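Number of protein chains: 2
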Amino acid sequence: MQIKILQNLLEANEEKAQEVRDFLNQKHIFMVNLISSPGSGKTTLLEKTLPILKQKFRVAVIEGDVETERDAKRLDLYQVPVSLINTKGACHLESVSIEKALLAFDLDQLDLIFVENVGNLVCPAEFDIGEHAKVAMLSVPEGDDKPLKYPLLFQEASLTILNKIDLLKYTDFDKTRFYDDLERVNPNLSVIELSCKTNEGIDAWVDWLDKRRIASLNRLG
Amino acid sequence: MQIKILQNLLEANEEKAQEVRDFLNQKHIFMVNLISSPGSGKTTLLEKTLPILKQKFRVAVIEGDVETERDAKRLDLYQVPVSLINTKGACHLESVSIEKALLAFDLDQLDLIFVENVGNLVCPAEFDIGEHAKVAMLSVPEGDDKPLKYPLLFQEASLTILNKIDLLKYTDFDKTRFYDDLERVNPNLSVIELSCKTNEGIDAWVDWLDKRRIASLNRLG
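Same order as they appear, the protein sequences are chains P and R. Under the working numbering, the first residue of the first sequence carries the number 327, and numbering increases by one thereafter. Under the working numbering, the first residue of the second sequence carries the number 327, and numbering increases by one thereafter.
Below is the structure:
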């Protein structure tokens, strides 16, 4: 019975997610769901990305956190609309919260929405929130063994960002093993190596977003 | 109704956890629940700790992972009993799995059991698994802002290990902010700063385990 109820919850979430996506499609908004462990650098990447993207797109952020408005405040500086969801203990975002968070925006004035999910490599991968692409972020100090140990996220993602590559020389991270494992989990997954310290990879990331957004709009015809 | 069922699940988990703890107490076994994000260094800490502890105690490890037996295999080298729980997607361990994992051991031949929980800073904090102490591990590259953003774990823990302090000089980690926030979340929490690279803090950790184990046994009278 517990399994049946979980099934119903997941189905309800997916139905709502599809509604959210349909609605975003009508508005020609591209939405990215950014997922990683706590401290991999999701907020810092947004801090680096927003000033560049703002020159080209109308951008907003939905910020998911268990507690505090710290990350939302960090992003406030970049003068884009930010909608905060405090999950109060819950370990992932669901589509029903995204629908509510979207109401805070003027959706006729947006091209691109980032959702920064709760810091967690496990649960957020299971929940479609109506995004067009899941981006999995992993940072070098977390270790090269994560794709095999947490495969679902890397199977669901359209892109993996390998962050904090400036720390490669101070850690035992084995890039060969990382790419081999990733290939086993999801052979079609693109990877961008990135550092918010040196800015390496930022251009490739902005370029990926740009192309992916256009591809998504083109599919709508 | 969903909330009611979750409540029942949590209550059932706690009841079973108390049974596990009572059973361990009968056997004079001290059990530690090690919790952190993926890649904070739980397995590496065990690799450093087991050779030292083995000289003094009879030790075993319960290894919780979403997938793979990689971490369990890493610990096999240290010739202590290891019992693996693959949660197949679940984001935390529960007491019912611990009870089963304990059956793999000869419990009359053990003094100390480490449980390496699933890599996740959110969900494992909610589930009592019958341990005597929760140890929260955070690594420097994850950032100083985690105690306030994920408060439950730091409230529940008896000790925080700040790991990878060898990376302090390459990151923006602010120790003052970290300790201030931790004080707000849990003023009684001990902290050990540690590096598995330089071995700094390993002695303090072994010492903490020793004292804490004795205190736990003394409470039983």
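C-beta: ideal position from N, C-alpha, C; glycine also. All figures in this text were calculated on a predicted structure; none of them were measured in a lab.
| field | Contact set between L474 of chain R and chain P, taken where Cβ atoms lie within less than 8 Å | value | E393, T394 and R396
| request: Pair every Cβ in the segment 468-483 of chain R with every Cβ in the segment 382-398 of chain P, then say whether three or more of these pairs are closer than 8 Å. | output: yes
| query | Is L428 of chain R helix, strand or coil when you go by DSSP? | reply | helix
| request: Take every Cβ of the segment 423-437 of chain R, pair it with every Cβ of the segment 371-390 of chain R, and state whether three or more of those distances are shorter than 8 Å. | output: yes
| request: Output, in sequence order along the chain, the residues in the segment 416-444 of chain R whose CB is closer than 9 Å to any CB in chain P. | output: A416, C417, H418 and V444
| said: For a test of the three-state rule: what should DSSP assign to L335 of chain P, helix, strand or coil? | reply: helix
| E341 of chain R burial status per 10 Å Cβ neighbour count (16 or more: buried) | exposed
| query | Who are the neighbours of L447 of chain P on chain R, taking C-beta pairs under 8 Å? | reply | S363, P364, G445 and N446
| query | To the nearest angstrom, how far is it from the Cα of L479 of chain P to the Cα of A462 of chain P? | reply | 7 Å
| said: Can you confirm whether P477 of chain R, when its beta carbon is compared against all beta carbons of chain P, has any partner nearer than 7 Å? | reply: yes
| Cβ of E526 of chain P within 6 Å of any heavy atom in the ligand ZN? | As far as ligands go, the structure on display features none, and thus does not contain the ligand ZN.
| Counting only beta-carbon atoms, is G390 of chain P nearer than 7 Å to chain R? | no
| request: Assign D432 of chain P to buried or exposed, taking buried as 16 or more other Cβ atoms, counted over all protein chains shown, within 10 Å of its Cβ. | output: exposed
| field | Limits of the beta strand (DSSP E) - the one that T486 of chain P falls within | value | L485 to N489
| What residue range is occupied by the uninterrupted alpha helix (DSSP H) comprising S516 of chain R? | From DSSP, S516 of chain R is part of no alpha helix (DSSP H) but of the beta strand (DSSP E) over S516 to E519.
| Considering only residues of the same chain and omitting the five flanking positions on each side of T524 of chain P, which have a CB-CB separation below 7 Å? | D492
| said: Taking a contact to mean a Cβ-Cβ separation below 7 Å, would you say L488 of chain P touches E457 of chain P in this structure? | reply: no
| DSSP bridge partner residues for V385 of chain P (one or two, in chain order) | P:L438
| Residues near G415 of chain P in its chain [Cβ-Cβ closer than 7 Å; skip 5 each side] | V392
| task | Give me the Cα-Cα distance between I355 of chain R and A541 of chain R, rounded to the nearest whole angstrom. | result | 12 Å
| said: Short of 9 Å Cβ to Cβ, which residues in the segment 483-494 of chain P face chain R? | reply: K490, D492 and L493
| request: Could you name the residues of chain P that P467 of chain R contacts, counting a contact when the two beta carbons are closer than 7 Å? | output: G365, S465, P467, K490 and L493
| said: Going by beta-carbon coordinates alone, are T486 of chain P and V444 of chain P separated by less than 7 Å? | reply: no
| Any beta-carbon of chain R closer than 7 Å to the one on Y505 of chain P? | no
| Mind checking whether V358 of chain R and F453 of chain R have CB atoms under 7 Å apart? | no
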